[in-house]
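Colleague: What follows is a single structure, and I will ask about it in a moment.
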Amino acid sequence: MAVKCIGNEGSHADALISRDVLAGADVLGHALRLLYDTSAEELQRLIRWTNEATGLPRTASAAPRDRPSVLPRDVTSLFSDREGNPAGPPPSADINPGAWRGLCALMRRRVDDGSLAKDHPLMCLDKPLPYAVNTGVMFDEWGALVPGLDLPLRSDEPPTTAVAMDALEWVARHVWTPQQIDFHTFMGHTHLRHHNRPAALKSLAADANDVLSRNGVALRLTDAGKAERTGPAVVAARLHAWDRRTGDDTLDDLLAQARRRFLDPDPAERTEALKALWAAWERVKSIIDPDDKKTSAAALLDRAASHPDLRALLKTEARALTNIGNAFSIRHSETSQVPLETEAQADWLFARLWALVELVAPAQETNDAR
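Numbers 1 to 370, taken from full-length UniProt numbering, label the letters of the sequence shown in order.
Listed below in structure tokens is the structure:
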């Protein structure tokens, strides 16, 4: 089913928003992004329409034309992202059909708007200026360097993950920021000038990472235009499946922060995920008896395992993780703290502690009679 937005003919408001892609309140966030460069009147009209269609409160206002061309991350996030429970499929290391449709859209857009015309120009016959992409030359080169890629791009048939990410990296290799400089009346086209490649790369990476993360793909595109994996897919799948509440709002918020940041394609955010998870661990240990953390932690482990041998293993693991949090640059920033050297080390520590928290938190939730 599709929803046709109310707006002027020929405007962005005529875009069709597929309910197969958007869930619930995400309709509003996605639609606002479609209208980001349109008039304030259109934006207000869409807000009124979505209020009537979804019953959501009016939480956005239209600004004039001074809006930036690249949206900050807190603006691009959708409702389910901010809730810490993305609506997409479970995380995987492979490109899925939804992710490929999104990647096709953003790559096609950069063909259509002339972002790739600097290296593959279609030149004006009157003036030595480009006005579009020479798709014949571009497709020949693209196809030769990315074997297995069907061109023109077909969004209905996802290629292998390697081919998809090679295709995206190829676009990143040639993307520039296009600027329309004048309209050639006689030829009926607009001449282009290209500049600011770093901004073009950053915009491409932001769009690609939004698509990948929303569709549960454990890959990212760096601002340098290189594709890389974002972390263990198995851990990401466990985080995606987490839907429990502990009964403690602060703890639930810390766990939501840890999940959201670990699943973020930005490595810096995944480092922050460790801090949030270790703060959650300290909260877990004191949740049964806030006045005596040691007694509280012991009671928590007792409820998680009744067999003495397993209980002893949990105690050893809990003590080791507490010591790690104190000794390494996770919870503290003193000069005596040992820094983590690689993302893989951070992922490993996150996986260890999340597994323990996942084990003991449900035990507290189901058995705690407070």
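Just so you know, even glycine gets a beta-carbon here, dropped at the ideal spot from N, CA and C.
#1: Going by alpha carbons, who is nearest to E169 out of G98, A297, W242, C104?
#2: Is it true that the region 214-226 meets the region 90-108, where meeting means three or more beta-carbon pairs spaced less than 8 Å apart?
#3: Check L71 in the structure and name its three-state DSSP category.
#4: If you pair each beta-carbon of the region 324-335 with each one of the region 286-303, do three or more pairs fall below 8 Å?
#5: Drop a sphere of 10 angstroms on the beta-carbon of L145, count the other beta-carbons inside from all chains shown, and report buried for 16 or more, exposed for fewer.
#6: Look up Q179 in the DSSP assignment and say whether it is helix, strand or coil.
#7: Just to confirm the assignment, what range does the beta strand (DSSP E) spanning P89 have?
#8: What three-state label does DSSP hand T190 in the structure shown?
#9: Got a sec, what are the start and stop residues for the beta strand (DSSP E) A224 sits in?
#10: Between Q180 and the rest of its own chain, which residues show a CB-CB distance below 7 Å, the 5 nearest in sequence each way excluded?
#11: Could you tell me how far apart the beta carbons of A200 and T177 are, in whole angstroms, since I believe they sit closer than 8 Å?
#12: At 4 residues or longer, and completely inside the region 266-342: list those alpha helix (DSSP H) runs for me, N to C.
#13: Can you check which of these residues, G88, L301, C124, R352, is closest to L274 by C-alpha distance?
#14: Of all the alpha helix (DSSP H) runs that stay within the bounds of the region 112-171, which reach a length of 4 or more residues?
#15: Rounded to the nearest angstrom, what separates M187 and C124 at their Cα positions?
#16: How many angstroms separate the CA atom of W278 from the CA atom of T230?
#17: Taking the CB atoms as reference points, tell me whether L314 and V360 lie closer together than 9 Å.
#18: What residues match up with V217 in a beta bridge as DSSP calls it?
#19: Using the Cα positions of W242 and A206, report the straight-line distance between them to the nearest angstrom.
#20: Which stretch, first to last residue, makes up the alpha helix (DSSP H) that contains T250?
#21: On the CB-based measure, 16 or more other CB atoms within 10 Å of its CB, does D140 come out buried or exposed?
#22: Can you tell me the Cα-Cα spacing of A167 and L254, whole angstroms?
Modeller: So, from the listed chains and residues:
#1: Cα-wise, what sits closest to E169 is C104.
#2: By the Cβ criterion, the region 214-226 is in contact with the region 90-108, since at least three pairs of Cβ atoms, one from each stretch, lie closer than 8 Å.
#3: Any answer about L71 is weak, because its pLDDT of 40 lies below 50 and its placement is not dependable; what the coordinates show is given next. Of the three classes helix, strand and coil, the one that applies to L71 here is coil, per DSSP.
#4: In short, these stretches do not touch, since the Cβ pair count stays below three.
#5: L145 comes out exposed.
#6: Looking at Q179 - three-state DSSP - the assignment turns out to be strand.
#7: Under the DSSP assignment, P89 falls outside any beta strand (DSSP E); it carries neither an H nor an E label.
#8: Under the three-state reduction of DSSP, T190 is assigned to strand.
#9: Boundaries cannot be given for A224, as no beta strand (DSSP E) includes it and DSSP labels it neither H nor E.
#10: So the qualifying residues of the chain are T190, L192.
#11: With a Cβ gap of about 4 Å, A200 and T177 count as contacting.
#12: At a cut-off of 4 residues, the continuous stretches assigned as alpha helix (DSSP H) that sit fully inside the region 266-342 are 267-285, 293-304, 308-327.
#13: Ranking G88, L301, C124, R352 by Cα distance to L274 puts R352 first.
#14: Here the runs fully enclosed are 135-145.
#15: Pairing M187 with C124, the inter-Cα distance amounts to about 8 Å.
#16: W278 and T230: Cα-Cα distance of roughly 20 Å.
#17: Yes.
#18: V217 is bridged to S92.
#19: Taking C-alpha positions only, W242 is separated from A206 by approximately 26 Å.
#20: In the DSSP assignment, T250 falls within the alpha helix (DSSP H) that extends over 249-263.
#21: D140 sits exposed, since fewer than 16 C-beta atoms from the chains shown fall within 10 Å of its C-beta.
#22: For A167 and L254, the distance between alpha carbons rounds to 37 Å.
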